[in-house]
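Q:
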């Protein structure tokens, strides 16, 4: 489902070139759930952005399904995202001016699908928010907002779900509930799940984990200074 | 779902969330202001032109020494124009004992087409309006003819070989004018009676006037058609050329209103740009999320362009409606103060408003919206990505092109547009540098000050670029208001000075030399203020530097219409001193005790058109005697000042030996007009020309133009205030966030409010200073180049500008940001997260 070859990302800062990711090779199979774990600054969010086609790598290739997204421009990448990819973010990223149901309807509306409303209603009920569909994000708690975001992610019947620290802004109990929901829906929809987290317990619920340190895939337990020649 | 549906949905959701309020308000008010101003100006202008047309008794006049081709009149009538015909000639009129050389005017039953004829039953008393002139078989005489012919109303008067009763007193005719050429006392008769008098003979000096009235377009069609058909003797003219004294006032008034509209458009544009910028900023996240959800850049473009078009249509229509309503309201409120009836509004200003709305939207709002397409989806993860890189030159290019285009369209005057535009661009560039330096110095001073000060000034400098921009916008708004205010004041002052309350309103001519002293003492005895008595001698130039003047006139030939030829007969005078309101523009005025060879001073237009210059040798023929003179100087004459003015003035010692009559002007208030009865009975040979009615009319029109100017100023001020509000609003989020953080850290209400107040007042001070500098420079250029006024530095401005800046921006800023201290910080941060 996802394949990355020799992925690298370098950015230019006022202090010179900064390498964020280097020599990443990975493959994620259909319906697999994979956690990307690592310390802060290890490059996991950057890796997720690259895999999801939100950002472009400096080197290497990425394949999403049948597409080589590294060969596409933003217009085409957007189409691929629309077709294949759903997101859940740490900061929820709901549109404040839209009610819960409108937020869930948005992906279908953008694609021009019909019946967006019914499907959104159904999904909101599925995440336990059937009674709050007309509430605005500011009227919802963090956990509720994240459930709306999960409903939105599944609203477009995508094959791939990317989640960036989905529980990062939530307390343990709420986080647990959100995670349960994500995995439940993931199984139900047969989605491939890629999850960025530094929550060890969350990582353990995935089929496998990819460990990042200083921008490179590493083996857990190995001290970062052993990793060759990379600066983060 | 189609793009429009999606756009409508997004717009509705934005509206519901209050995201659209400011943008929509700016657009509506921009269109509304422009529509209101242009509608009102359009109506006032129509009214003013109509009012001014009363000076001609028509909208267009053809004046000719011979009858014109009847086909011309037939054509005018076929177009639906009203027509009328008058015939003027000089003739002796006789009572039983006396005779007076009079200026007779014969009119048909349709005269006047514009303005009103006022007649009365007793000389020098108030009259009443009448619908038409005298019916056949009757004469109306001007007041002064009754005493000088020693008759009473109703008595018989002879004109040529016919006798008619003088049934009424002619108090005022609209197209009388103030020229000395029209000097003879007026006798008004019916055109049908002219043949009976037998005064019109081959070779008589006649002045035919054909009057036309109707709507502007038809008149234009007619004028274009008729102009080439007129003989060399005939001349066609309209209100501006025809109405002496007010033509210039009207012209300047129009320019001012135009300038006002232009500045209104610029202000509105700035407001829209600011609101659109804020709208766009607040949609960065929307777009980023939409993009992660699969919206392509092209789709984002399509959606936002659709949003933009819908916004444009809604706001332009709403603005135009508001404009229509506003100007109707303004007109209704002001109707008691506007002495003329306003014609109904035309659709052109509404269209102008609608198009303005769209162009403003296109040039000021589209660039910030287009930025949205460049938002990176990665922004959902990395909030620090900031502004997408759309080129600044594109944004500014759009705005500049839009402004330039609108200004040109409004003014139809490329030079004026370029002048104002380039001035504004240069000042903006210079001022932004100054603003930035001011901010830096503000920081240096601020570092030593108390806590609220330090907070405010540090905050200001941290947002250096935004604040420079904001100072510029504030400065620009205040500058435009100051410019309008200054130009208005200069114009009105000049107009009021032009015709002061006690300006001479009567001319006395044909005063015999032996009457000079008695008349002066009669004036003194009755407390009548008068100008000096100037000798007046008819004469003409016969040679210029040895060349025959009439041949030279033919050779130069191309003089403009009505240009005074050098060889025409003129009234000459001599004077030791330069008359009031005259200014020497070339050469030098002679000393008071001059006693050398004859010198002459020429009026500058006459000199210019006849290519005469200082040092030219002129030979005059005066009463059959040739007198050789040299041009000593050229002078400008204030023809509007209602005082005796001369094209040619001789130095002392040149004309004294010629027998002459004298002339003067004097002021007589309305309630003392009976003095004229005594004056004319005592000195029957003199002629008095009453121009008080004319002056009143000029003053009234100037009053109306002034009123229009004041109104436009108020309207523009309203849109200026909007710009300030939009500008403060645009920076709200940033300020809200900063102060919410401060409040969570424990900063008290007083500290936060204090630092906000200091910040806004400092911005206001800087903006006020900038505005002062900018407006001084601009007003200098405008007054000297456009309005041809004298420029003087405005010391009051240097206080007014900064004070206005501080008070206005301080007040608007605090009002707009009051919410910061009244909203719980968590809520503010939550909303802005």
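Residue numbers (the working numbering), protein chains in the order written: chain A, 1 to 232; chain B, 233 to 1065.
For glycine and all other residues, C-beta sits at the position ideal for the given N, C-alpha and C.
1. Residues in its own chain within less than 6 angstroms of residue 895 of chain B by CB, not counting five upstream and five downstream?
2. At a CB-CB cut-off below 9 angstroms, which residues of chain B make contact with residue 164 of chain A?
3. I want to see whether chain B comes within less than 7 angstroms of residue 93 of chain A, judged by CB atoms only; does it?
4. How far does the alpha helix (DSSP H) with residue 103 of chain A in it extend, from its first residue to its last?
5. Please confirm whether any heavy atom of the ligand SAH lies closer than 6 angstroms to the CB of residue 805 of chain B.
6. Looking at residue 148 of chain A: is its Cβ nearer than 7 angstroms to the Cβ of residue 84 of chain A?
7. Near residue 238 of chain A, what residues of its chain come up, given a Cβ to Cβ distance below 7 angstroms and the 5 sequence neighbours on each side ignored?
8. According to the Cβ coordinates, are residue 28 of chain A and residue 37 of chain A closer than 7 angstroms?
9. For my contact list, residue 559 of chain B and residue 345 of chain B are in at a C-beta cut-off of 8 angstroms; report their separation, rounded to the angstrom.
10. Around the C-beta of residue 845 of chain B, are 16 or more other C-beta atoms found within 10 angstroms, so that it is buried, or is it exposed?
11. Leaving out five residues on either side along the sequence, give the residues of the same chain with a beta carbon under 7 angstroms from the beta carbon of residue 985 of chain B.
12. Just to check my reading of the structure: residue 867 of chain B and residue 817 of chain B have Cβ atoms closer than 8 angstroms, yes? What is that Cβ distance to the nearest angstrom?
13. Give me the residue from B:898, B:511, B:995 with the minimum Cα distance to residue 602 of chain B.
14. Please classify residue 899 of chain B as buried or exposed, where buried requires at least 16 other C-beta atoms within 10 Å of its C-beta.
15. Work out the CA separation of residue 852 of chain B and residue 781 of chain B for me, nearest whole Å.
16. Find out if the Cβ-Cβ distance for the pair residue 586 of chain B, residue 548 of chain B is shorter than 7 angstroms.
17. Flag residue 137 of chain A as yes if its beta-carbon sits less than 7 angstroms from any beta-carbon of chain B, otherwise no.
18. Does chain A have any CB closer than 7 angstroms to the CB of residue 544 of chain B?
19. Along the segment 28-61 of chain A, where does the CB come closer than 9 angstroms to a CB of chain D? Name the residues.
20. So what does DSSP say about residue 897 of chain B, is it helix, strand or coil?
21. Beta-carbon within less than 8 angstroms of residue 88 of chain A's beta-carbon, same chain only, minus the 5 sequence neighbours each way: which residues are those?
22. Looking at chain A, is there any beta carbon in it that lies within less than 7 angstroms of the beta carbon of residue 1016 of chain B?
23. By how many angstroms is the C-alpha of residue 505 of chain B removed from the C-alpha of residue 597 of chain B?
24. Should residue 864 of chain B and residue 833 of chain B be called a contact, given that it needs their Cβ atoms to be closer than 7 angstroms?
25. Counting only Cβ pairs nearer than 8 angstroms, list the residues of chain A close to residue 522 of chain B.
26. Would you call residue 702 of chain B buried or exposed, if buried means 16 or more other Cβ atoms sit within 10 Å of its Cβ?
27. Going by beta carbon distance, what residues of the same chain come within less than 6 angstroms of residue 4 of chain A, once the five residues before and after it are set aside?
28. The segment 68-79 of chain A: which residues have C-beta closer than 7 angstroms to a C-beta of chain B, in chain order?
29. Leaving out five residues before and five after residue 856 of chain B in sequence, what residues of the same chain have Cβ atoms less than 7 angstroms from its Cβ?
30. Checking 7 angstroms against the spacing of the C-beta atoms, do residue 296 of chain B and residue 449 of chain B come in under that value?
31. Taking the CB atoms as reference points, tell me whether residue 290 of chain B and residue 443 of chain B lie closer together than 7 angstroms.
32. Is residue 1005 of chain B near residue 535 of chain B, with beta carbons less than 7 angstroms apart?
33. List the residues of chain B whose Cβ lies closer than 7 angstroms to the Cβ of residue 183 of chain A, in chain order.
34. I want to verify the contact list: residues of chain A whose CB lies under 9 angstroms from the CB of residue 600 of chain B, in sequence order.
35. Would you mind reading off the limits of the alpha helix (DSSP H) that contains residue 247 of chain B?
36. Under 7 angstroms Cβ-Cβ, which residues of chain B neighbour residue 147 of chain A?
A: Taking the definition as stated:
1. 741, 766, 768, 876
2. 612, 613
3. yes
4. 100-111
5. The model on display carries no ligand, and the ligand SAH is accordingly not part of it.
6. Not closer than 7 angstroms, so no.
7. As shown, chain A starts at 1 and ends at 232. That puts residue 238 of chain A outside it, with no answer to give.
8. Not closer than 7 angstroms, so no.
9. Actually they do not touch by this definition, with Cβ atoms about 28 angstroms apart.
10. By the neighbour-count criterion, in which a residue is buried when 16 or more other Cβ atoms sit within 10 angstroms of its Cβ, residue 845 of chain B is exposed.
11. 1053
12. 6 angstroms
13. B:511
14. buried
15. 10 angstroms
16. yes
17. Residue-level contact check: residue 137 of chain A does not touch chain B, since none of the beta carbons of chain B fall below 7 angstroms from its beta carbon.
18. Answer no: the Cβ-Cβ gap between residue 544 of chain B and chain A never drops below 7 angstroms.
19. The structure shown contains no chain D; its protein chains are A and B.
20. strand
21. For residue 88 of chain A, where only same-chain residues beyond five positions count, the Cβ hits under 8 angstroms are 146, 149, 150, 153, 161, 162, 163, 164, 166, 182.
22. no
23. Cα to Cα, residue 597 of chain B sits roughly 5 angstroms from residue 505 of chain B.
24. Result yes, Cβ atoms of residue 864 of chain B and residue 833 of chain B sit closer than 7 angstroms.
25. Those within 8 angstroms of residue 522 of chain B in chain A are 106, 110.
26. buried
27. 24, 26, 62
28. 74, 75, 78, 79
29. none
30. no
31. yes
32. no
33. Within chain B, not a single residue places a beta-carbon under 7 angstroms from that of residue 183 of chain A; the smallest gap is close to 22 angstroms.
34. Near residue 600 of chain B there are no residues of chain A at all, since even the closest Cβ is about 18 angstroms away, more than 9 angstroms.
35. 235-248
36. Those within 7 angstroms of residue 147 of chain A in chain B number zero; the least Cβ separation is about 17 angstroms.
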